[in-house]
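Just so you know, the sequence shown maps onto residues 1 to 977 in full-length UniProt numbering.
The C-beta atom is built at its ideal place from N, Cα and C for all residues, glycine as well.
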Amino acid sequence: MFTRKSSNTVQEVNIWSEPGIYYDSLTRTFRLRCKNSIYAFRVDDSRNLEHLYWGSSIPLEDDLLFLGFGNNPTPFDPKGYIGDVRESLNPLGFADLKQLDSDEVAEKWKTYTVEAHSPQATEPRRLENASWRIWNMDKMRKSGSLSNVDADKMIVEEDSPSKSRVLHVVHEPCSDEACTHGKYLTESWEMMSGSEKEEEEEEERKEGRGKRPSGYSLPSRSGSSKRSPSIRIGEGLERNLSSLDNLQDEFQSCSRFGSFASPTPRQQQQNVWINLDPEIVGKNTKLLEYSDRGTGDYRSCSFELEYSDGTTLSPLVYSSHRIYVGKLSPPFPLPGLFVNSDSDASTLELTMKDPLTKVEVVLYYTVFHEYDVVVRRTLFRNTLDESLIIRRCYSCTQDFDTDDFYLTQLSGSWARERQIVTKKLCQGISLVESTRGASSHQHNPFGVITIGEPAEDRGEAFALSLVYSGNFRLEAELVESGRLRVNMGINPQQFSWNLGPGEEFSTPEVVLCYSDQGLGGISQQYHRLYRYHLMPPMWRNKICPVLINTWEAMYFNVTHEAVVELAKKAKECGIELVVLDDGWFGNRNNTRSGLGDWKANRMKFPFGLEGLCREINELGLRFGIWIEPEMVNIESELYTKHPDWCLHIPRRARTTGRNQLVLDFSQQAVRDHVIEQVSSILSSCNIEYVKWDMNRHLTEVFSQAFPPERQGEIAHRHILGVYEAFARISSCFPHVLIESCSGGGGRYDPGMLYYSAQIWCSDNTDALSRVQIQYGTSLVYPVCSMGSHVSSIPNHQTLRSTTMKTRTLVAMCGTFGYEMDVRQLTREEVEEIKSYVELRNEYAPLILFGTMYRLWNPFSSDSGAWMFVNDEKTEALVIAVNLNRSIGLQLPRMHLKGIQEDWVYLVEELCPGKLRTNVSTGAIETDPRGVFQWSTKMGGVTLKLSGRTLMRVGVPVKFIFEGDSLLFSVRAVSLLV
């Protein structure tokens with residue numbers, strides 16, 4: 001709520017409760033209002049973007065300019081302006097002179113007085129005049145006869161009345177081109193000189209358009225339009241400022257409690273620039289939204305440009321902004337979040353300029369209204385008539401004020417992906433990055449900053465997730481003041497981009513997420529956001545069919561007869577889809593040959609894929625295949641014909657990984673060939689599923705299709721080419737479900753999720769290993785995206801044996817499938833798998849589309865547990881798995897989450913165990929009747945308790961042996977009386 005005042009009434013208007021983008025023209029403050037949080041920054045007196053606040057919602061009437069008092073300069077922090085706004089307000093030299101104290105100004109005046117006597121000394125005479133005036137105004141201030149605002153007014157009115165500059169606001173309908181994805185342009189601010197304003201007013205008078213408030217400009221386009229209020233309220237409260245009185249009301253409605261300078265009535269009417277900073281401090285002292293290098297900010301910079309003369313300075317100042325309804329998509333084929341309707345989001349497009357070169361850097365901020373999420377990206381626009389080089393271009397810079405910071409990241413290795421790693425940040429730089437050409441097994445493009453050690457359900461958390469699959473870097477720098485800077489985007493190592501005249505370059509998107517409910521609040525938002533606004537919409541609510549993959553059953557020894565036999569047995573188990581993995585194409589009998597030759601091996605498949613697919617379909621099963629189209633073997637027809645199509649440096653030897661080379665997807669000819677080959681396969685028969693693999697990382701990143709000065713672009717161009725291939729194939733075959741893979745989870749990132757609805761979580765299919773892998777993955781990625789299968793025992797990666805129950809329960813927390821040779825199963829084992837498939841199909845909607853709550857952390861305890869709750873909170877499913885059982889040590893009670901406190905729930909175990917402890921001998925023995933803890937069956941105890949008791953008191957849980965597991969349902973049966 002805030003109070004709008006007029007001469008007649010005082011009215012309370014509730015506009016601040018609506019999500020959107022708000023702009024206060026008097027304080028030059030942007031407030032990005034999310035569902036329950038605020039992201040705020042301002043244009044300071046130097047036209048830098050000063051970050052103010054990111055956190056829980058705060059009232060409109062609280063003026064955030066007081067946060068400037070937290071800026072504590074040190075003797076070694078440079079200050080001064082390069083392209084100060086006051087130079088454009090007044091070209092007489094005040095921008096530099098006003099930074100000096102009175103004694104320094106006096107000395108400057110003496111110098112300029114001497115220089116002013118030389119012939120043609122126009123500029124020294126102006127500076128002499130300017131220094132004298134500032135000197136005198138400073139003395140008047142000290143005597144109390146002149147205020148800061150009066151002094152600024154004197155400067156503008158007396159020194160250059162014909163050239164004084166004012167801000168004007170334009171509200172105009174957007175063009176068709178501008179509205180492709182962000183439908184309505186709602187606000188635009190830019191600089192306009194007084195003479196330009198007078199010329200436009202004269203033009204209006206001639207055209208008979210009527211009088212308008214001083215300092216405001218209407219668009220010259222035909223058609224009606226409305227001027228925007230000084231505070232932009234996103235989609236709400238659009239008012240027409242048709243008179244000067246209305247304009248004054250508009251300014252008065254912006255209660256500026258605690259401001260450092262109060263605007264005069266003239267300033268209110270003309271909307272002129274006023275000085276607001278409590279003191280002049282350098283860039284290194286401030287929290288910034290985007291930072292250059294070499295002009296005073298010694299922290300890691302946001303970007304770096306190199307001009308043709310070798311200079312790299314590019315100080316940026318605010319130029320203009322526009323606010324859109326909806327979201328602007330990044331340029332194709334960069335992946336990015338999307339809206340399902342324009343009411344889902346609001347977008348701020350804020351342009352900054354280098355005052356000297358006029359090069360533009362455009363910052364995009366999109367607020368998703370139903371989330372505490374801001375999506376950022378940056379665009380570089382070369383307005384010069386010559387090329388420049390982008391050396392560094394992070395998607396966002398996020399500065400934090402001093403606090404006790406911890407960084408949580410997802411790191412690991414092949415077969416051990418996305419392990420939760422938390423560390424306390426200390427002075428210096430911490431990096432989470434990949435230089436492998438893919439997001440990698442080692443580090444995920446994701447990080448969470450917490451105040452204090454991270455907790456699951458409490459405390460503030462600030463997360464960053466990069467929508468990109470190539471080389472990335474998350475950079476957390478804690479500086480000497482205790483403040484923190486986090487940069488995220490394309491890894492600057494070995495990156496450069498030659499930007500020609502008139503060209504633009506866009507960075508990938510970073511999804512910023514805030515929660516005051518710990519890591520759990522972060523995860524739940526990402527799960528829902530990525531499911532509804534990132535993953536392919538047609539797969540959003542579909543459940544993946546239960547599949548069996550031939551890899552661990554046969555490896556390269558696949559044949560028509562063997563696959564059909566496997567399919568027949570899989571049918572008996574209730575499996576619905578057969579996936580033909582590696583070994584079906586070219587001369588592919590091992591890893592040394594065949595990649596690139598995407599035609600069926602007629603020795604193994606005499607009837608081709610068409611014959612195999614037809615026979616599997618006749619069994620009532622679906623058919624899918626494995627491909628690795630980004631790679632090539634030296635022993636292949638493709639490499640023999642086109643050795644220049646792989647990434648390599650001519651005249652140097654080549655490294656291989658898994659006996660393969662990487663095709664150069666920066667080349668259009670390579671992409672076209674691969675897309676043609678894959679399309680031919682998918683057109684040949686009824687293929688409904690594709691596992692798209694990528695089993696090595698990039699080395700010798702050099703393309704023969706580009707000149708030397710563009711070789712720094714190849715890694716980024718390569719991943720753009722991969723995106724293009726995904727996009728073109730998906731658009732031609734929308735019915736084909738694509739699961740991406742990279743040696744397991746080596747490219748599990750939002751960029752891939754944009755093109756493939758699910759990703760193979762890890763090549764490690766051991767159930768206990770998967771508990772940690774999938775738990776860590778759930779920090780940001782939804783369960784419905786996790787490729788997870790039941791494998792044979794002993795496990796092929798760990799040689800560990802676990803029960804079918806445990807393997808099934810872990811795989812149920814994902815897309816669900818099988819990696820085993822079902823031809824070897826007994827009749828009892830077939831029936832057991834069939835019952836588990838039925839159980840999975842019954843509860844798949846709740847698991848895949850319910851809200852996930854993590855209960856026990858397997859990284860800090862000996863067990864992992866989580867639960868899924870439906871939207872109505874009437875049903876929940878709890879899964880718990882023991883990783884390491886200490887004999888005789890009891891577990892803490894399990895506290896449920898996410899259900900209604902005043903409802904009564906029935907707790908019942910769904911999946912019995914088969915082992916129990918003989919208390920007489922201490923031996924673990926088989927009990928064929930089944931072992932239940934919470935069930936009406938076999939004498940188990942029935943639990944019927946209130947949601948409050950289940951959450952506050954908790955449920956006792958017993959594990960009988962290491963690797964034991966539990967599955968129980970929680971169903972609402974009545975309201976608490």
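Own chain, CB closer than 6 Å to residue i, minus 5 neighbours either side, in chain order
| i | result |
| --- | --- |
| alanine 757 | Met535, Pro536, Trp539 |
| tyrosine 853 | Met867, Lys897, Gly898 |
| cysteine 309 | It is worth fixing the name first, because residue 309 is aspartate in this sequence and not cysteine. Cβ neighbours of aspartate 309 beyond the five flanking positions: none. |
| valine 780 | Phe446, Ser465, Tyr526 |
| proline 335 | Val467, Gly751, Tyr754 |
Three-state class that DSSP yields for residue i in the structure shown
| i | result |
| --- | --- |
| aspartate 644 | helix |
| serine 56 | strand |
| glutamine 398 | strand |
| threonine 949 | helix |
| glycine 20 | strand |
| leucine 247 | Note that leucine 247 has pLDDT 30, beneath the 50 cutoff, so the model's placement of it is unreliable and no number is given. |
| aspartate 672 | helix |
| glycine 624 | strand |
| asparagine 784 | According to the sequence as given, residue 784 is cysteine; it is not asparagine. Of the three classes helix, strand and coil, the one that applies to cysteine 784 here is helix, per DSSP. |
| leucine 966 | strand |
| glycine 608 | helix |
| alanine 653 | coil |
| leucine 276 | coil |
| valine 881 | strand |
| methionine 603 | coil |
| arginine 971 | strand |
| lysine 283 | helix |
Contacts around residue i, its chain only, beta-carbon distance under 8 Å, and the 5 residues preceding and following it disregarded
| i | result |
| --- | --- |
| tryptophan 598 | Phe585, Gly586, Ile627, Pro629, Gln677, Val678, Ser680, Ile681 |
| alanine 715 | Gly437, Gly470, Asn471, Gln494, Phe495, Leu698, Val701 |
| glycine 596 | Gly586, Met631, Val632, Asn633, Ser636, Glu637, Leu638, Tyr639, Leu663 |
| methionine 951 | His895, Leu896, Lys897, Ile899, Glu901 |
Closest residue to residue i among the options (Cα-Cα distance)
| i | options | result |
| --- | --- | --- |
| glycine 276 | Arg377, Phe303, Thr357, Ser25 | Looking at the sequence provided, one finds leucine at residue 276 rather than glycine. Leucine 276 has its Cα closest to that of Ser25, out of Arg377, Phe303, Thr357, Ser25. |
| histidine 796 | Pro355, Glu819, Glu456 | Glu819 |
| isoleucine 899 | Ser946, Arg916, Thr921, Ser860 | Ser946 |
| serine 469 | Val822, Leu720, Arg823 | Leu720 |
| glutamate 615 | Met694, Ser769, Ala562 | Ala562 |
| glycine 744 | Ile634, Phe702, Ser969, Thr765 | Thr765 |
| arginine 458 | Ile847, Leu519, Leu966 | Leu519 |
| leucine 855 | Leu848, Ile847, Gly864 | Gly864 |
| serine 683 | Cys732, Asp871, Gln660 | Cys732 |
| asparagine 686 | His735, Trp692, Pro650 | His735 |
| leucine 431 | Thr826, Met631, Gly489, Ile522 | Gly489 |
| isoleucine 729 | Trp692, His718, Asp372 | Trp692 |
| glycine 751 | Asp292, Asn444, Tyr53, Lys358 | Asn444 |
| tyrosine 365 | Phe961, Leu356, Thr378, Thr921 | Thr378 |
| glutamate 831 | Lys35, Ile759, Val339, Glu572 | Glu572 |
| arginine 840 | Tyr290, Leu350, Glu503, Ile575 | Ile575 |
| leucine 891 | Gly850, Arg823, Ile960, Pro845 | Ile960 |
| aspartate 344 | Gly326, Leu356, Phe332 | Gly326 |
| proline 75 | Ser769, Gly294, Thr285, Lys604 | Thr285 |
Residue i Cβ short of 8 Å to the ligand ATP heavy atom set
| i | result |
| --- | --- |
| serine 946 | You won't find the ligand ATP in this model; it holds no ligand whatsoever. |
Contacts around residue i, its chain only, beta-carbon distance under 7 Å, and the 5 residues preceding and following it disregarded
| i | result |
| --- | --- |
| threonine 402 | Ser481, Gly482, Arg483 |
| threonine 808 | Val790, Tyr836 |
| valine 957 | Ala880, Leu891, Met894, Leu966 |
*In the stretch 305-368, which residue ranges form an unbroken beta strand (DSSP E) of at least 3 residues, counting only runs that do not cross its ends?*
317-326, 345-353, 360-368
_Using a Cβ distance threshold of 8 Å, determine whether the stretch 410-419 contacts the stretch 472-487, with at least three qualifying pairs required._
no
*Completely contained beta strand (DSSP E) runs for the stretch 740-773, where each covers 3 or more residues*: For the stretch 740-773, whole beta strand (DSSP E) runs of length 3 or above, ordered along the chain, are 758-760.
*Counting pairs of Cβ atoms below 8 Å between the stretch 643-656 and the stretch 541-550, do you hit three or more?*
no
*What are the start and end residues of each continuous beta strand (DSSP E) run of 3 or more residues lying completely inside the stretch 677-749, in chain order?*
Fully enclosed beta strand (DSSP E) runs of 3 or longer: 689-692, 737-740.
*For the stretch 632-649 and the stretch 699-713, state whether three or more C-beta atom pairs, one from each stretch, are separated by less than 8 Å.*
yes
_I want to know whether the stretch 460-468 touches the stretch 435-446 - three or more CB-CB distances under 8 Å._
yes
*Is the stretch 961-974 touching the stretch 902-922 in the sense that three or more CB pairs, one from each, lie closer than 8 Å?*
Yes: at least three Cβ pairs fall under 8 Å.
_Tell me whether the stretch 35-44 and the stretch 354-362 touch, counting them as touching only if at least three CB pairs, one residue from each stretch, are closer than 8 Å._
no
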